[in-house]
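Asks: Protein chains in written order, with the numbering used here: chain L, 1 to 338; chain A, 1001 to 1423. Idealized CB from N, CA, C, for every residue including glycine. Okay, handing you the structure first.
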């Protein structure tokens, strides 16, 4: 009887807590529930909100939210092709059509003598498409996502970076197409130059990210940026050796006794990256037509490529950090400017 | 107790542009300068919110309370000052912000959860809970653009509360969905409180604030007016800021050519001298000066009380013999005494009238001529102060008139329960 008299409390009150735990906390309660919430516990991370923008903190936040970057990229991709009949096919159709146009213009009409011109074109176009797609999409991305930016706190650079992510996915698809084309046309890439590709790709992604982050922030304040970017990107495209080989630029400079100024042309970070892709995948730097040797690409070895790409990479990283500073400065007023 | 949110000297300036020059051409024309009027949405706001506290922020539209919340959340950067937040934070400023209409509910849970800072693995673990909470089991794979607004908001809330942050910021979002869902939301807020999480609520709903918050901050024009317990804070908010029921006393003269003229009307109450408001249950007297140009045998005094929404709370019975009186030439004072005022919060305005029972032409009526204010220091909400006497009786199981009381003595679930029956 005395034992029985002690029992009622647990019997009557037991169902309530277990039912609750099952309903809401379940197995997660140790992580999200009481274990984390000891009152007075002082070892929690302290977030400071003030007018300053520290780059180190930004980088940390970016890293912590990498899951979100993947999700935002996936979202952009899904939304991009959601209601189109051909869907992801567009990511291949679009560059394929561009390729076809350039091929017709430069090979069939302008009759250049470059062998396997389509492949050469494709190698450079790949690089350009990644940069171009990302920069164009990133310019408008903060404005387009005003709803989130105004109501949710998260590292907003992720929006711009997700545009780069989308471009990177499209890039990957196009690389697959390029490899298939290489097999079909029987072209062997130069294997010693393969080492340059990872550096080139990394440099390209960092450089693209820097430009994208910068443009996405500026466009919030100056909506002209979108239109200006379009025009500038078009000019930029024709300034890099994609539809014409680098050798023609070098030759033209030499003809005007400016041969020693080739380095100025190589200052454009996209150029060495495009050259690396062309050199590796296209597999040759010169060709012979009717006994005349034409130089298409610089006569560098893999180590020279790596050195130049290394410089581009370092410069890109610095640019990226600078763009984060600019973004941080401008970000403070996003919510009111949108 | 540790401080969860420390707001020190926060100021936030908005620029009100007379004209926005967002195009390059306009910027160049105006030399890159844009004329603007500075507007301080927040001025030197200082507040410390303790861990485990539920803190309410009250204020009129545009007083800066949402701006403060956005600053705490990190959405806006303050112009000066600093905010320190201890622990993880989630802000519910708008439910379903960041939903992509083109994506399915499933994808949106992941997207929104990530935006609120929940790692992917955690979202996967809580996915079923979130869906169950939002009551969207059969629609979760549909595109969100086909959701009704209720479904949309429910999903938003379900994701937000499942983030389980140390600090939760809530901006006017508790009043969503149907009654059942609202109760669910409030239940969840209570659960958060029990778990020792810090909650900051911005609301106009004084009832919600009163029942849930431990302290209230009242803001006006970007400044802190007071930080106090809910009863006093709500009183300050209703009286000083909303100015509800503030009367226009300009028209105090009598009606031309009338026998009666009601002069000044005053309210006296039990708390006079110590405070301007009365507590529920205290006494109230309305005293009206009356001038009379002629003696009136059977005058009837009437009184009406309106609340701050101008809805009638009470009007006296015109046939009540207790309201009949004889008014001599020259007049005097009419007194309406209420032994106790059974009203809860609010500012109430009083209308006083007098007329002759026989001659309809002889009358005067002063519409909403004075007001009194009731402030409830307790947590009861509503309009009327009812004092229920609560008792408990065991459920009867007897079949006869004699009611046996069944008392459970013991037994673990599954084993027989010993029962004793007493009568």
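Can you grab the Cα-Cα spacing for the pair residue 1220 (chain A) / residue 1005 (chain A), in whole Å?
Replies: As a first step, residue 1220 (chain A) is located in the second chain; it is residue number 220 there, counting from the start. As a first step, residue 1005 (chain A) is located in the second chain; it is residue number 5 there, counting from the start. Going from the Cα of residue 1220 (chain A) to the Cα of residue 1005 (chain A) covers about 21 angstroms.
Asks: Beta-carbon within less than 7 angstroms of residue 1266 (chain A)'s beta-carbon, same chain only, minus the 5 sequence neighbours each way: which residues are those?
Replies: Reading the second chain from its first residue, position 266 is the one you call residue 1266 (chain A). Closer than 7 angstroms at the Cβ level, and outside the excluded window around residue 1266 (chain A), lie 1287, 1370.
Asks: Is residue 1252 (chain A) helix, strand or coil when you go by DSSP?
Replies: Working through the second chain from its first residue, we reach residue 1252 (chain A) at position 252. Its pLDDT being 41, under 50, residue 1252 (chain A) is placed unreliably in this model, and the coordinates cannot settle the point.
Asks: Can you give the Cα-Cα distance for residue 184 (chain L) and residue 1144 (chain A), rounded to whole angstroms?
Replies: Numbered from 1 along the first chain, position 184 holds the residue referred to as residue 184 (chain L). Numbered from 1 along the second chain, position 144 holds the residue referred to as residue 1144 (chain A). So the alpha carbons of these two residues sit roughly 44 angstroms apart.
Asks: Which stretch, first to last residue, makes up the alpha helix (DSSP H) that contains residue 75 (chain L)?
Replies: If you number the first chain from 1, residue 75 (chain L) lands on position 75. Run containing residue 75 (chain L): 66-81, per the alpha helix (DSSP H) assignment.
Asks: So residue 219 (chain L) is in the alpha helix (DSSP H); what residue range does that whole segment cover?
Replies: Start at 1 with the first residue of the first chain, and residue 219 (chain L) comes out as number 219. Note, residue 219 (chain L): alpha helix (DSSP H), 196-221.
Asks: Classify residue 295 (chain L) as helix, strand or coil using the three-state DSSP reduction.
Replies: Position 295 of the first chain, counted from the first residue, corresponds to residue 295 (chain L). Residue 295 (chain L) falls in the strand class under three-state DSSP.
Asks: Who are residue 1169 (chain A)'s beta bridge partners in DSSP?
Replies: Here the question's residue 1169 (chain A) lines up with position 169 in the second chain. Answer is A:1091, A:1200.
Asks: Which residue from A:1125, A:1085, A:1089 puts its Cα closest to that of residue 1003 (chain A)?
Replies: Here the question's residue 1003 (chain A) lines up with position 3 in the second chain. The candidate whose alpha carbon is nearest that of residue 1003 (chain A) is A:1085.
Asks: Nearest chain A C-beta to residue 152 (chain L) closer than 9 angstroms, yes or no?
Replies: Locating residue 152 (chain L) in the first chain gives position 152, counting from the first residue. So yes, residue 152 (chain L) belongs to the interface.
Asks: Quick one, are the C-beta atoms of residue 1320 (chain A) and residue 1313 (chain A) less than 9 angstroms apart?
Replies: Taking the first residue of the second chain as position 1, residue 1320 (chain A) is located at position 320. Taking the first residue of the second chain as position 1, residue 1313 (chain A) is located at position 313. No, they are not a contact pair.
Asks: Quick one: complete alpha helix (DSSP H) runs, 4+ long, within the region 240-267 of chain L?
Replies: Secondary structure remark: continuous alpha helix (DSSP H) runs of at least 4 residues inside the region 240-267 of chain L, in chain order: 246-255, 262-266.
Asks: Which two residues bound the contiguous beta strand (DSSP E) that contains residue 1038 (chain A)?
Replies: Position 38 of the second chain, counted from the first residue, corresponds to residue 1038 (chain A). Counting along the chain, the beta strand (DSSP E) containing residue 1038 (chain A) begins and ends at 1036-1050.
Asks: Throw me the rounded Cβ distance for the residue 195 (chain L) and residue 283 (chain L) pair, which I believe falls under 8 angstroms.
Replies: As a working mapping, residue 195 (chain L) is identified with position 195 in the first chain. As a working mapping, residue 283 (chain L) is identified with position 283 in the first chain. Not a contact, Cβ separation roughly 15 angstroms.
Asks: Please identify the residue among L:271, L:247, L:253 whose C-alpha is closest to the C-alpha of residue 236 (chain L).
Replies: In the first chain, counting from the first residue as 1, residue 236 (chain L) sits at position 236. For residue 236 (chain L), the nearest C-alpha among the options comes from L:271.
Asks: Using DSSP bridges, identify the partner residues of residue 1278 (chain A).
Replies: In the second chain, the residue the question calls residue 1278 (chain A) occupies position 278. For residue 1278 (chain A), which the question treats as bridged, DSSP gives the partners A:1374.
Asks: In the DSSP assignment, what residue or residues form a beta bridge with residue 1365 (chain A)?
Replies: Counted from its first residue, the second chain places residue 1365 (chain A) at position 365. In the DSSP output, where bridge partners are listed per residue, residue 1365 (chain A) has A:1353.
Asks: DSSP three-state call for residue 1263 (chain A): helix, strand or coil?
Replies: Along the second chain, one-based indexing puts residue 1263 (chain A) at 263. Strand, per DSSP.
Asks: Since residue 215 (chain L) contacts residue 135 (chain L) with CB under 8 angstroms, what's their CB separation in whole angstroms?
Replies: Against the first chain, residue 215 (chain L) aligns to sequence position 215. Against the first chain, residue 135 (chain L) aligns to sequence position 135. With a contact defined as Cβ atoms closer than 8 angstroms, residue 215 (chain L) and residue 135 (chain L) qualify at about 6 angstroms.
Asks: Determine the closest residue to residue 46 (chain L) out of A:1385, A:1167, A:1114, with distance taken between C-alpha atoms.
Replies: Looking up residue 46 (chain L) in the first chain gives position 46. Residue A:1167 is the option with its Cα nearest to residue 46 (chain L).
Asks: Within 10 angstroms of its Cβ, does residue 1359 (chain A) collect 16 or more other Cβ (buried), or is it exposed?
Replies: Within the second chain, the letter at position 359 stands for residue 1359 (chain A). Flag for residue 1359 (chain A) reads exposed.
Asks: Taking C-beta to C-beta, are residue 151 (chain L) and residue 334 (chain L) nearer than 9 angstroms?
Replies: Taking the first residue of the first chain as 1, we reach residue 151 (chain L) at position 151. Taking the first residue of the first chain as 1, we reach residue 334 (chain L) at position 334. Cβ distance not < 9 angstroms, so residue 151 (chain L) and residue 334 (chain L) don't count as in contact.
Asks: Where residue 59 (chain L) and residue 268 (chain L) are concerned, what is the direct C-alpha to C-alpha distance, given to the nearest angstrom?
Replies: Along the first chain, read from residue 1 onward, the residue named residue 59 (chain L) stands at position 59. Along the first chain, read from residue 1 onward, the residue named residue 268 (chain L) stands at position 268. If you take the alpha carbons of residue 59 (chain L) and residue 268 (chain L), they lie about 26 angstroms apart.
Asks: According to the neighbour-count rule (16 or more other Cβ atoms, all chains shown, within 10 Å of its Cβ), is residue 1061 (chain A) buried or exposed?
Replies: In the second chain, residue 1061 (chain A) corresponds to position 61, counting from 1. Classification of residue 1061 (chain A): exposed, given that the 10 Å Cβ count is below 16.
Asks: Would the region 246-255 of chain L count as touching the region 156-164 of chain L if we require 3 or more Cβ pairs under 8 angstroms?
Replies: no
Asks: Look up residue 317 (chain L) in the DSSP assignment and say whether it is helix, strand or coil.
Replies: Start at 1 with the first residue of the first chain, and residue 317 (chain L) comes out as number 317. Three-state DSSP puts residue 317 (chain L) in a helix.
Asks: Between residue 1374 (chain A) and residue 1344 (chain A), which are expected to be in contact by the criterion C-beta below 8 angstroms, what is the C-beta distance as a whole number of angstroms?
Replies: On the second chain, residue 1374 (chain A) is found 374 positions in, with the first residue counted as 1. On the second chain, residue 1344 (chain A) is found 344 positions in, with the first residue counted as 1. Contact flag correct, Cβ pair sits at about 7 angstroms.
Asks: Between the Cα of residue 1197 (chain A) and the Cα atoms of A:1015, A:1088, A:1389, which residue gives the shortest distance?
Replies: In the second chain, counting from the first residue as 1, residue 1197 (chain A) sits at position 197. It is A:1088 whose Cα lies nearest to the Cα of residue 1197 (chain A).
Asks: Looking at the secondary structure, which residues open and close the beta strand (DSSP E) in which residue 153 (chain L) lies?
Replies: Against the first chain, residue 153 (chain L) aligns to sequence position 153. It is not in any beta strand (DSSP E) - residue 153 (chain L) carries neither H nor E in the DSSP assignment.
Asks: Does the beta-carbon distance from residue 1263 (chain A) to residue 1289 (chain A) come in below 9 angstroms?
Replies: Along the second chain, read from residue 1 onward, the residue named residue 1263 (chain A) stands at position 263. Along the second chain, read from residue 1 onward, the residue named residue 1289 (chain A) stands at position 289. Yes, the pair counts as a contact, with Cβ atoms nearer than the cut-off.
Asks: Which runs of the alpha helix (DSSP H) fall wholly inside the region 1101-1164 of chain A and span at least 4 residues, in chain order?
Replies: 1105-1115, 1120-1134, 1149-1162
Asks: Excluding the 5 residues flanking residue 95 (chain L) on each side, which residues of the same chain have their C-beta closer than 7 angstroms to its C-beta?
Replies: As a first step, residue 95 (chain L) must be located in the first chain, where it is residue number 95. 125, 129, 174.
Asks: Within the 9 angstroms Cβ cut-off, does residue 113 (chain L) reach chain A?
Replies: As a working mapping, residue 113 (chain L) is identified with position 113 in the first chain. No - not a single Cβ of chain A is within 9 angstroms of the one on residue 113 (chain L).
Asks: State the DSSP-derived secondary structure class of residue 1205 (chain A), mapped to helix, strand or coil.
Replies: Counted from its first residue, the second chain places residue 1205 (chain A) at position 205. If DSSP states are grouped into helix, strand and coil, residue 1205 (chain A) belongs with coil.
Asks: Once you ignore the five residues that flank residue 1050 (chain A) on each side, which residues in its own chain have a CB closer than 8 angstroms to its CB?
Replies: The residue you call residue 1050 (chain A) lines up with position 50 of the second chain. Here the set comprises 1001, 1002, 1003, 1004, 1198.
Asks: Measure the Cβ-Cβ separation of residue 1082 (chain A) and residue 1008 (chain A) and say whether it is below 9 angstroms.
Replies: By one-based count along the second chain, residue 1082 (chain A) stands at place 82. By one-based count along the second chain, residue 1008 (chain A) stands at place 8. Yes, the pair counts as a contact, with Cβ atoms nearer than the cut-off.
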